[in-house]
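Residue numbers (my numbering): 1309 to 1498. For each residue, glycine too, the CB sits at the ideal point set by N, CA and C.
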Amino acid sequence: TYAFPPETNWYQKTYATTGTNLGDGGLVRASNYGTSGPWANSGNACGVAIFKGTSVTEASTPEDVLFVSTGGGAALYDATKNPVLGYRICNNDWYSMYSISIDPATYKPIVVPYLHYRSSGNTNNMPYPVNEKYPTAATDAGLFNMMGGVYNITLGRWTTARKQTVVELVQTTATIDTLEKHAAVTRLVE
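What follows is the structure, given as structure tokens:
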């Protein structure tokens, strides 16, 4: 077993019904995952994105992004707003920012932008994690969405699309190795 160095910021997983387990990577503060944390824990849609730099606005395009679920009462995408309301996507293994369509008046190809999650063609998402022990998306089960694929650093793209693998992080025994040495972890190739 190995972990991040002791001086690394760590997060504390506070399970709402089963106690506390110190983590070894991630957020800088404790979070009660039964009522808060980095994910919605409610069936609402949520996602994770990586941006270049430190200045992120509603017009920023992420370097990479993935979404979980589609639920929730709030509008995730509204093309009738100006500017369009929605979460930005990028070109990756799950989403495409542009599509080719045929102009009905000229019969010539035109590029159609689909820049937001839930816009045409960009509806892929992973479901909240479940397994045999937890057949519904329990918020306190310790289930982790591992999104493993193959990323070619020379080509700068995913050559094998990421696939959801649910990993149960058993509170008393889970370490960073549980994730980093898992068979489904993302592989980087040249």
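Below 8 Å, how does it come out for the stretch 1383 to 1395 and the stretch 1411 to 1420: are there three or more Cβ pairs, yes or no?
The stretch 1383 to 1395 vs the stretch 1411 to 1420: no contact.
Rounded straight-line distance, which links the Cα of L1477 to that of G1450:
Their backbone Cα atoms lie some 5 Å apart in a straight line.
To the nearest angstrom, how far is the alpha carbon of G1351 from that of N1430?
Answer to the nearest angstrom: the Cα atoms are 19 Å apart.
On a Cα-Cα basis, can you pick out the residue from P1370, A1367, V1458, V1493 that is closest to T1473?
Out of P1370, A1367, V1458, V1493, V1493 has the C-alpha closest to the C-alpha of T1473.
Taking L1487 and M1454 to be in contact with their CB atoms under 8 Å, please state how far apart those CB atoms are, rounded to whole angstroms.
Cβ atoms of L1487 and M1454 come within 8 Å of each other, at about 7 Å.
Work out the CA separation of G1464 and P1417 for me, nearest whole Å.
Using only the alpha carbons, I get a separation of about 27 Å.
How would you call N1390, buried or exposed, if buried means at least 16 neighbouring beta carbons within 10 angstroms?
N1390 should be labelled exposed.
Quick one: Cα of Y1323 to Cα of V1497, how far?
Caution is warranted here: a pLDDT of 47 is assigned to Y1323, below 50, making its placement in the model unreliable, and no coordinate value can be reported.
Beta strand (DSSP E) containing T1467: first to last residue?
1465 to 1476 is the extent of the beta strand (DSSP E) around T1467.
Which of helix, strand or coil DSSP assigns to L1487
Here DSSP, grouped into helix, strand and coil, assigns L1487 to helix.
Beta-carbon gap between N1432 and Y1403 smaller than 8 Å:
Contact flag set, yes.
Could you please give me the residues that DSSP links to R1426 through a beta bridge?
Answer is none; R1426 lacks a bridge partner.
How about R1396 and S1377: do their beta carbons lie closer than 8 Å?
Their beta carbons are not under 8 Å apart, which means R1396 does not touch S1377 by this criterion.
Rounded to a whole number of angstroms, what is the C-alpha to C-alpha distance between T1444 and A1482?
Cα-Cα distance, rounded: 22 Å.
What residue range is occupied by the uninterrupted beta strand (DSSP E) comprising R1495?
In this chain, the beta strand (DSSP E) harbouring R1495 covers 1495 to 1497.
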